[in-house]
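Worksheet for the structure shown next.
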Amino acid sequence: MQIIKGKTNFDFIGKRKMALLLSSAANIAIIVGIAAFGFNWGVDFAGGTLIEVKFNEAMTAQKVREGAVAGGLHEPQVQSIGSADENTFILRMGGVTQLTEQNEKLAEAALRALPGVEITALNKDLDNGLINVRTRAEVKLEDLKQAVVSSGTGVQSVTLLPGSSAESGFQYQITSAGMSDKVKESLTKGIPGGTFEVRRTDYVGPQVGEQLRNKGAAALLLALLSILVYVAFRFDLKFAPGALVASLHDVIMVSGYFLVTRREFNLTSIAVLLTILGYSINDTIVIYDRIREEMVRYKGKPLAEIINIAINDTLARTILTGGVTSLSLVGLLFYGVGEIFDFAAAMIWGIIVGTYSSWYIASPLTIWLDEREAAKAAGGSSNPMKAKPA
Amino acid sequence: MDRNWWTRFALVVLVAVGSLWFLTPTYYSMFVLSRADRNDVAKLEQALPKWSAPAKYRLSLGLDLQGGIHLVLRVDTKTALGKRAQRLAQQMVSYIDGKKLGKLTESTNTETYEVTLTAEDPATMDAIEKELVSSFKDFSKVSRNAGVLVMKLESAQVDYMMSEAVDQAMLVVRKRIDKWGVAEVDVRKLGTDSIQISLPGEKDPERAKELIGTTAQLEFRIVEEHGDLFKDLYSNTPPDPNAGISLVTARQDSEGNEPSPPYLSGTDKNKLLAYVDGKGGEGKQVLLHCVEAANGKSCLRYTTYLVQANGLSGENLTGADARKDQTTNDIVVDYQFNAQGGKLSEELTGKNVNRQMGIVLDDNLISAPVIREKIGNNGRITLGKGRSDERLKEAQMLSLALKSGALPAPVTIGETRQVGAALGDELIKKGTTAAVIGLALVVVFMAIYYKVAGLVADVALVLNGLLILAGLALFKATLTLPGIAGFVLTLGIAVDANVLINERVREELAAGKSARVAVDQGYDRAFWTIFDAHITTLIASIILQQTGTGPVQGFATTLIIGIIASLFTSIVVTRVLTTYLVHGRNAQTVSI
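Chain order of the listed sequences is V and Y.
Here my numbering is used: position 203 in the first sequence is 203, and no number is missing along the way.
Here my numbering is used: position 398 in the second sequence is 788, and no number is missing along the way.
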């Protein structure tokens, strides 16, 4: 069986200008889109709390959202995952504990309003949901707890810190309850008759989120550079810019998947981008390899023609590989939930754009470089690319 | 068939059998043992047949698949270090004051760790500078302007102190987790300023706060003679026979690092603690000491000490240091108190000479050295000579414990990821179904498209899958959900190599070459393309492995092992098979 019978002779190079125009437009649109709308950052990068709940009753995302808000949650994002009959939802909120920007002031006011309690110092640690209070005289732990709870922030514990004495004052630490408790409470209150189980809880602190984001960007850049160095070393420096532009193109296009679908951009997305980077270069290299080989065989032919021959000769392989790799991901599309579904979908999209970019971007770019060089060295060899033996 | 072929054939068979062998512990832990015993190495060792690979080489499930909590704590090393620089600056001032070289005032920049010292009398600064530069080697001089000297913490010292701050926080965290009695806890350093903790089976993400809530409590408490307290307790109210509590009646440790017998020993901390709770008597308390396993990561057992209920707080400590005394060759820990602490220490140690002083961190008795004489501002704990490496490690642990009282490093929660066991089970089911579907689709497609050559590629593909799993088991890696996705993707990429080869062979055949020549040339020409393509993907995955965390790292590990396995299966394995089909049977045609 064969996908492509006999030799093909499609003119890929002839359409390079149109392809480049289209791709540039798409890329610029995506970059502008990211700048204007941003990604739908997951908790991995934005920080916050993610909770997955599964209801035993039929439920919709809309109902869960309304119920959660009615129960007292502040702006939760609710997303349904898996098939509709699974009744499983992901709730995302900013903040790691119940001591959030919305209610920290209320909690402080409630503490300061405690009758007969003189507070000499009060500081809040929102990242960890802690309030430290120093008072002149001893206070009942229960009073402190009640004050904060009544202001709308759940309390896990109140402790008297050691080193407290009548001379130096009494220091208390109030640890607020976590977001998952509040979600449970709000859903129970807001959706009467609903029964559910919490299946997963993720907290990511804001600093860690930022750190992960920087690390992800650094990883992408590093991978891109390392691969370029390898390409320059194995082939010719002239091949590297084509590979670079093509990879950048693919990374941007796959970012476009997350931009347009509004699916969550998280650590798994970075993994997809890196894998696509590897895959796309892989595809480009197979064609470069062929170009190098054909250059030896057809000495004297213009580079454009050689590239066309190389792309046509590897056409069956390129389509097959892309197809087979996509085929292996089909299972994940149907059985992958949440992140894994996005992984498979974005990968398949990446394979498509990766294949396209190897044909229409990576290879044609080498022609421009070649032409520029030829123009500079006017009268020099029309095919200055040297073919290193593999 | 030539000799070369037989060698390669033997290699392929060896690799295949070896992979299966490496997967036996994995198979037993997942399919033979019951769910609850999945992580129990001792039970696994019992269940394994004699010929099996060692139990430690097994593929375990990641927290996202088996349920549990993944925690990342961040240590605020910058704040810890700023405080430390400040404290050192105060020491400089009092040191110079003690030497009667002049009066200084200090100000410390807690961000750059620069100390600015101003002399009351600028004329004294020359002598002061000389003394400080030679005595405080952790600092280097930045500038000197008449009576103002600026010194900065050396960058090597900054790195060292930062990593020490993390170690210190780790010690405290470990002691606190220890209280929970969770089996299979894994606590490790992550990067330069974080601690990663895996708690399989834990359900309550809120518990993480217990680890960071209050700063560590360090105390010095005098150890009381317990006499027959433990013996009487043991005979009057015998413990539950299943609690793992026993009475030790004779010395077990030749070096005397144990309570005087008879004392109690237990393997389960919580049960032992519950048993002795409130049994110490008026003004006394029973505390436990952890006898560490050789790897220093877990407690073999716990022993009981009777200590006074009140003691001296460690908040007045200013520093501690483990080192080898150059003159006596003893391993020692030196520690310092501030003026107030020194006074209190003098009082406490003065009336308790020749008794043991318990060093207590968060209600764990870390060590109980004997008080030889009255101790004021400066104390020294001597651990002795012999086995100096082990001793030094012990001393470092002790100095970390002392420092956690002196200079606590603030810790915050970076990440908490909790997955319920039910979700984990579902993900395993969905993940494996997805992988099987993907694999089946690829296998069927290859067989239809390339016929016999496709079947050859399929054999290689299955072997490739086997190799990835065996490789993961060999590296004791964990299988995560993204790891399963990586597994599937790698199989797709592995097929690429065979597609390249087969297309090449078809081309050669189309060019009119004989079956044998076409196969040989097809393989030879495709080799470098396959190699280059694999290397570039490998580069991307290695970078992902180095920078990723948690589950994503699992994906990268799978990818790396998969790519290496794919190079082997697509180049060596399929060639051995194809060579047999074409050369071995002297075939004139090739089914491709």
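We put the CB at the ideal spot given by N, CA and C, even for glycine.
Same chain, Cβ closer than 6 Å to residue i, five either side skipped, listed in chain order
i	result
Ala785 of chain Y	Ala712, Ile721, Val723, Leu773
Asp370 of chain V	Leu303
Ser981 of chain Y	Lys841, Val842
Leu662 of chain Y	Ile635, Gly656, Tyr692
Gly876 of chain Y	Phe945, Thr948, Leu949
Ala867 of chain Y	Thr947
Ile309 of chain V	Glu294
Distance, residue j Cα to residue i Cα
i	j	result
Ala147 of chain V	Ile174 of chain V	11 Å
Gly581 of chain Y	Phe258 of chain V	29 Å
Asn394 of chain Y	Glu293 of chain V	29 Å
Ser381 of chain V	Leu315 of chain V	With a pLDDT of only 47 at Ser381 of chain V, under 50, the local geometry of the prediction cannot be trusted, and no value is derived from it.
Val337 of chain V	Glu86 of chain V	11 Å
Arg262 of chain V	Gly42 of chain V	11 Å
Arg691 of chain Y	Thr414 of chain Y	31 Å
Arg474 of chain Y	Ala271 of chain V	39 Å
Leu934 of chain Y	Val254 of chain V	17 Å
Ala29 of chain V	Arg213 of chain V	23 Å
Lys764 of chain Y	Lys741 of chain Y	8 Å
Leu111 of chain V	Ser424 of chain Y	52 Å
Trp368 of chain V	Asp848 of chain Y	42 Å
Glu435 of chain Y	Phe412 of chain Y	14 Å
Ile306 of chain V	His249 of chain V	24 Å
Ala387 of chain V	Leu879 of chain Y	For Ala387 of chain V, the predicted model reports a pLDDT of 44, less than 50, meaning its position is unreliable; a value from the coordinates is still stated below. So the alpha carbons of these two residues sit roughly 33 Å apart.
Gly855 of chain Y	Leu967 of chain Y	18 Å
Val846 of chain Y	Ile227 of chain V	31 Å
Ala536 of chain Y	Ala509 of chain Y	9 Å
Trp918 of chain Y	Ala246 of chain V	22 Å
Asp886 of chain Y	Gly408 of chain Y	25 Å
Gln62 of chain V	Phe610 of chain Y	58 Å
Start-to-end residues for the alpha helix (DSSP H) that takes in residue i
i	result
Arg691 of chain Y	Note, Arg691 of chain Y: premise wrong, no alpha helix (DSSP H); beta strand (DSSP E) at 689–698.
Gln935 of chain Y	905–937
Ser636 of chain Y	Note, Ser636 of chain Y: premise wrong, no alpha helix (DSSP H); beta strand (DSSP E) at 635–638.
Asn1006 of chain Y	There is no way to answer for residue 1006 of chain Y, as the model of chain Y reaches only from 391 to 982.
Ser424 of chain Y	From DSSP, Ser424 of chain Y is part of no alpha helix (DSSP H); its letter is neither H nor E.
Cβ neighbour criterion (16 or more within 10 Å) applied to residue i
i	result
Met18 of chain V	exposed
Pro649 of chain Y	buried
Ser545 of chain Y	exposed
Lys490 of chain Y	exposed
Trp441 of chain Y	exposed
Thr201 of chain V	buried
Met836 of chain Y	buried
Trp396 of chain Y	exposed
Glu142 of chain V	exposed
Ile587 of chain Y	buried
Continuous beta strand (DSSP E) stretch holding residue i: start and end
i	result
Ala374 of chain V	Where Ala374 of chain V is concerned, there is no enclosing beta strand (DSSP E), although the alpha helix (DSSP H) it sits in stretches over 363–376.
Pro192 of chain V	Where Pro192 of chain V is concerned, there is no enclosing beta strand (DSSP E), given that its DSSP letter is neither H nor E.
Gln675 of chain Y	674–682
Asn535 of chain Y	529–535
Gly331 of chain V	It is not in any beta strand (DSSP E) - Gly331 of chain V instead sits in the alpha helix (DSSP H) that spans 315–335.
Asn123 of chain V	119–125
Ile459 of chain Y	458–465
Glu52 of chain V	48–55
Leu751 of chain Y	747–751
Leu543 of chain Y	538–543
Gln384 of chain Y	Absent from the model: residue 384 of chain Y. The displayed extent of chain Y is 391 to 982, so no value can be given.
Own chain residues within Cβ distance below 7 Å of residue i, not counting five before or after
i	result
Ile602 of chain Y	Leu463, Val801, Thr802, Ile803
Glu574 of chain Y	Asn429, Pro590
Trp349 of chain V	Val254, Tyr257
Proximal residues to residue i (C-beta, below 8 Å), its chain only, five neighbours per side dropped
i	result
Leu782 of chain Y	Ala712, Lys714, Ile721
Ala633 of chain Y	Gly656, Asp658, Lys661, Leu662, Tyr665
Val465 of chain Y	Ala555, Val556, Ala559, Asp583, Ser584, Ile585, Ala799, Pro800, Val801
- Message: Assess contact between the stretch 94–107 of chain V and the stretch 134–153 of chain V, defined as three or more Cβ pairs (one per stretch) separated by less than 8 Å. Is contact present?
- Response: Yes, the stretch 94–107 of chain V touches the stretch 134–153 of chain V.
- Query: If we count Cβ pairs, one from each stretch, closer than 8 Å, do we get three or more for the stretch 803–821 of chain Y versus the stretch 133–142 of chain V?
  - Reply: No, they do not touch.
- Message: Pairs of beta-carbons, one from the stretch 182–189 of chain V and one from the stretch 19–26 of chain V, closer than 8 Å: are there three or more?
- Response: Three or more beta-carbon pairs separated by less than 8 Å are not found between the stretch 182–189 of chain V and the stretch 19–26 of chain V, which leaves the two stretches without contact.
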